[in-house]
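According to our numbering, the stretch in the sequence shown is residues 3 to 746, in order. Cβ atoms here follow ideal geometry from the backbone N, Cα and C, with glycine treated the same way.
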Amino acid sequence: SSFVQGMNVPEPPESFSIAVNNAGSKPLIVLAGRDQRGVLYAVGRLLLQLKMKTGSLELPADYQISTAPRYPHRGHQIGYRSLAHCYDAWTPGMYEQYMRELAVFGANAFETTGFDGGPLAKVTGPEMAAEWAKICEAYGFDFWLFSTAIGGEGKSAEEEKAAIASRLEEIRKYPQLDHIYLTGGDGGTSHARPDLMFEVTRRFAIEARKINPKLGVWVSNQGFGPEQNNWFFDYLQREQPDWVTGVVYGAWSRILLDEQRARVPRKYPIRRYSDIGHCVRAQYPVPGWDRALARTLGREPFAPRPRGHANIHNLFDQHADGFVTYSDGVGDDVNKFVWTALGWNPDQDLDEIMLDYSRFFFGWDIAESVREGLYLMEDAFAGPLAENTVVEKNFKLWKSLEDKADDTLLANWRFQECLLRAYYDQYTRLRLIRAISIEERAIAALERASQVGVEQAIASARTILAESDQDPTTDALRTRLLELGKELFASIGAQLDVKTYKARNPERGAVLDFLDIPLNNRLWIEDELDAILTGRFTATMPEDVVHENQNNDDVQLARLSRVVNWENPGPGGFYDDLGCVWKQPHLVKPRSLSEDPAGITTPREGHTRVDPSAGPDRLSWLDQAEALNATPLTMRYEGLDPNASYRIRVTYFGRYNATIRLVADDEFEIHGTYGHTVRNVRFASGYSDRPAEITSQEANSDRIVTPLEFVIPREATQDGILNLRWQRLTGRGSQVAEVWLIKQ
Numbered sequence: 003s004s005f006v007q008g009m010n011v012p013e014p015p016e017s018f019s020i021a022v023n024n025a026g027s028k029p030l031i032v033l034a035g036r037d038q039r040g041v042l043y044a045v046g047r048l049l050l051q052l053k054m055k056t057g058s059l060e061l062p063a064d065y066q067i068s069t070a071p072r073y074p075h076r077g078h079q080i081g082y083r084s085l086a087h088c089y090d091a092w093t094p095g096m097y098e099q100y101m102r103e104l105a106v107f108g109a110n111a112f113e114t115t116g117f118d119g120g121p122l123a124k125v126t127g128p129e130m131a132a133e134w135a136k137i138c139e140a141y142g143f144d145f146w147l148f149s150t151a152i153g154g155e156g157k158s159a160e161e162e163k164a165a166i167a168s169r170l171e172e173i174r175k176y177p178q179l180d181h182i183y184l185t186g187g188d189g190g191t192s193h194a195r196p197d198l199m200f201e202v203t204r205r206f207a208i209e210a211r212k213i214n215p216k217l218g219v220w221v222s223n224q225g226f227g228p229e230q231n232n233w234f235f236d237y238l239q240r241e242q243p244d245w246v247t248g249v250v251y252g253a254w255s256r257i258l259l260d261e262q263r264a265r266v267p268r269k270y271p272i273r274r275y276s277d278i279g280h281c282v283r284a285q286y287p288v289p290g291w292d293r294a295l296a297r298t299l300g301r302e303p304f305a306p307r308p309r310g311h312a313n314i315h316n317l318f319d320q321h322a323d324g325f326v327t328y329s330d331g332v333g334d335d336v337n338k339f340v341w342t343a344l345g346w347n348p349d350q351d352l353d354e355i356m357l358d359y360s361r362f363f364f365g366w367d368i369a370e371s372v373r374e375g376l377y378l379m380e381d382a383f384a385g386p387l388a389e390n391t392v393v394e395k396n397f398k399l400w401k402s403l404e405d406k407a408d409d410t411l412l413a414n415w416r417f418q419e420c421l422l423r424a425y426y427d428q429y430t431r432l433r434l435i436r437a438i439s440i441e442e443r444a445i446a447a448l449e450r451a452s453q454v455g456v457e458q459a460i461a462s463a464r465t466i467l468a469e470s471d472q473d474p475t476t477d478a479l480r481t482r483l484l485e486l487g488k489e490l491f492a493s494i495g496a497q498l499d500v501k502t503y504k505a506r507n508p509e510r511g512a513v514l515d516f517l518d519i520p521l522n523n524r525l526w527i528e529d530e531l532d533a534i535l536t537g538r539f540t541a542t543m544p545e546d547v548v549h550e551n552q553n554n555d556d557v558q559l560a561r562l563s564r565v566v567n568w569e570n571p572g573p574g575g576f577y578d579d580l581g582c583v584w585k586q587p588h589l590v591k592p593r594s595l596s597e598d599p600a601g602i603t604t605p606r607e608g609h610t611r612v613d614p615s616a617g618p619d620r621l622s623w624l625d626q627a628e629a630l631n632a633t634p635l636t637m638r639y640e641g642l643d644p645n646a647s648y649r650i651r652v653t654y655f656g657r658y659n660a661t662i663r664l665v666a667d668d669e670f671e672i673h674g675t676y677g678h679t680v681r682n683v684r685f686a687s688g689y690s691d692r693p694a695e696i697t698s699q700e701a702n703s704d705r706i707v708t709p710l711e712f713v714i715p716r717e718a719t720q721d722g723i724l725n726l727r728w729q730r731l732t733g734r735g736s737q738v739a740e741v742w743l744i745k746q
């Protein structure tokens, strides 16, 4: 009709227009799409704009929109596997509902991984694969498969042939498959020869297209070092292979996306594979996260980060052709919808996106309060938790909504997730405040050792440390958290602990397993007190103490003093707790993490997950400043006494197991290749995420953290300025937990 023609539907694929025709006796809402997908997205946009109430739908009489997507790839990986903290419990119907919801905001692609079964799986992997393909075919979505590339791993010809056959057999499982993404590696790549990877993957692509002629084949350089990257990009530039559909940019890519785009021939689109679900040990970790939250909420909590992820999307969107994000579960639900909306229009106002999300999933009546609460959850991640009053404000907001909620809202899994986070943050903050007070009083008791005696001071400190950090207020919060865990398991199969709800491991969203984890240094202090009374060696043992004197009063007092004054560098000295943003004043940051959120060119914080049975670690050891790959870690001191001598004490700790070198002022080597400060432990060479290995055969070969001390040459400080630079030699990157600069 002439009305439809006048709606001016944009030309690009997936475009649509919506307008109200008021020419007749009743208003008529007209939806027009450039193609079938365009009609689908027009329906989605209408659903977002309709004010829905029981018995009524409202839309402004003059509503009109014509829009086209900016980027062709707007999708998410939602693989059916037990690593995800809920997906493996889902039915095909639950998947379809979630995919439809994302499509309302403009999603057009979904990616699966190889099936990884678990005790909660409702159907087999092949059965779910077939259902996924049917869903994508019915709605016109692109269906992607994530897998690993073949070749360059040192396998025999027969092994490579078998690997190709295995991938081909996997492809045959899917009635519809549009693209396969063959990663070159995620972190610890074994593809030492990208040229061979390309050759074997080419053979696979030829055979795969005999099964599926239109299959897109995408490759990546994840985890590649500089030499491997040169091979990778040189091959693409030189050969320009037609069998490659495009290139994927994902976690552990060692260059920024703008450089990747510049080095990839323009004939190849770039798809981002952004990690939007992890908070620590991630591509885009929460910047400056309090260690109390990092150790309790951990890697995969419910973590709305709308501002952070809007920034991450829009920093680099112009260098790619869209995204299919990495995700494991629904902890990143808000982030998925923010990315989806920005993939359609990166200029859309974030407040509008968040209001659309809140209205659509929670209802128009409370949408503005929900939007505020989701923003507050992100703000609750900023700065010292004990001082962050946003947490209590957010808790009161969600508690008020809970008190007024009807049964439908209380059964809404998104509302349950929000309540869980609000209660969890409040519970953890109240525990932390009390835990800090307990530790401070215990330290004060130890400070009196010279007056009351070592044994009396230790006894008093132990009594204080035995106090609970919980009270009736936190008990009530804890009870509600356990109830919410049960409700979320019933509603979406959320696995919030390992024992009851069958989470794959504690790192995979099992936040209820950390409700009682100590939030202060109680375990470390208690272990030190035991060691002091028995004469056992720890990091507090003074140097050059002969064995027979390890238990005398002077040594015990000296060791207690080290416990009490651990962070005190002495007069004219400096201490940096490098894993804590507000206690690292001397750390040099060439860029802010808002400019480089992956920390490719600038340091970020690393949080190490350590099994408590491995040893009573001090909390300041468990997070570090980390500089990834070959990026140096640098500290700068000014205003030093040019006539004084200085020493440096440093604690190396972290999961990368790197070997590093320390240089002052780019001239003076402070130490050569060192592994670790853990006594009787060595670091593995090359890539490793495994714990360091104990090699000592001594009777007492327990893991013991012992900070190292080195002399700083006078020449390095005589101008009153000192620059320290750590350079990784092997491993993923440099990690430094603590640094003291001590004036002698």
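Proximity of residue i and residue j at Cβ, strictly below 8 Å
i, j, result
"residue 276", "residue 285", "yes"
"residue 737", "residue 656", "yes"
"residue 440", "residue 522", "yes"
"residue 749", "residue 362", "With the chain covering 3 to 746 only, the question about residue 749 has no answer from this structure."
"residue 183", "residue 235", "no"
"residue 1", "residue 743", "Given that the chain is displayed from residue 3 to residue 746, the structure contains no residue 1 and the question cannot be resolved."
"residue 403", "residue 368", "yes"
"residue 306", "residue 380", "yes"
"residue 396", "residue 375", "yes"
"residue 480", "residue 429", "yes"
"residue 751", "residue 572", "Because residue 751 is not part of the residues shown, which for the chain are 3 to 746, the question remains open."
Neighbourhood of residue i by C-beta, 7 Å cutoff - its chain only, sequence neighbours within 5 removed
i, result
"residue 111", "75, 76, 77, 143, 144, 146 and 326"
"residue 675", "661, 663 and 731"
"residue 649", "711, 712, 713, 714, 744 and 746"
"residue 612", "619 and 624"
"residue 621", "293 and 523"
"residue 372", "360 and 364"
"residue 592", "603 and 604"
Sequence-distant residues of the same chain with beta carbon closer than 8 Å to residue i, five excluded per side
i, result
"residue 64", "22"
"residue 72", "319, 345, 346, 347 and 348"
"residue 352", "308, 309, 312 and 340"
"residue 177", "132, 135, 136 and 139"
Cβ-Cβ separation, residue j to residue i (assumed contact under 8 Å), whole Å
i, j, result
"residue 653", "residue 739", "4 Å"
"residue 775", "residue 218", "Lying before the first or after the last residue shown, residue 775 is absent from the chain, which here runs from 3 to 746."
"residue 260", "residue 233", "Their Cβ separation, rounded to whole angstroms, is 21 Å, which puts residue 260 and residue 233 out of contact at 8 Å."
"residue 88", "residue 495", "5 Å"
"residue 169", "residue 206", "6 Å"
Exposed unless 16 or more other CB atoms sit within 10 angstroms - verdict on residue i
i, result
"residue 342", "buried"
"residue 54", "exposed"
"residue 3", "exposed"
"residue 460", "buried"
"residue 151", "buried"
"residue 137", "buried"
"residue 747", "The question about residue 747 has no answer, for the chain in this structure spans 3 to 746."
"residue 584", "exposed"
"residue 457", "exposed"
"residue 468", "exposed"
"residue 636", "buried"
"residue 274", "buried"
"residue 483", "buried"
Beta-carbon proximity list for residue i, same chain, < 6 Å, skipping 5 on both sides
i, result
"residue 31", "22"
"residue 303", "333 and 513"
"residue 690", "Confidence is the limiting factor: at residue 690 the pLDDT is only 37, short of 50, which leaves the residue's position unreliable and the question unanswerable from this model."
"residue 631", "256 and 735"
"residue 692", "At residue 692, the pLDDT of 37 sits below 50, so the modelled position is not reliable; the number obtained from the coordinates is stated separately. The answer is none, since no qualifying residue turns up."
"residue 618", "525, 526 and 529"
"residue 725", "638 and 667"
Worksheet item: At what residue ranges does the segment 273-336 contain a whole run of the alpha helix (DSSP H), taking only runs of 4 or more?
Response: 293-298 and 308-318
Practice prompt. Within the segment 192-219, note down every full alpha helix (DSSP H) run reaching 4 residues or more, in order along the chain.
Written response: 196-213
Fill in: Completely contained alpha helix (DSSP H) runs for the segment 498-553, where each covers 4 or more residues
524-536
Practice prompt. With a floor of 3 residues, list each beta strand (DSSP E) that falls wholly inside the segment 594-627, ordered by position along the chain.
Written response: 606-609
Worksheet item: Which runs of the alpha helix (DSSP H), 4 residues or longer, sit entirely within the segment 344-420?
Response: 352-364, 369-381, 392-406 and 409-412
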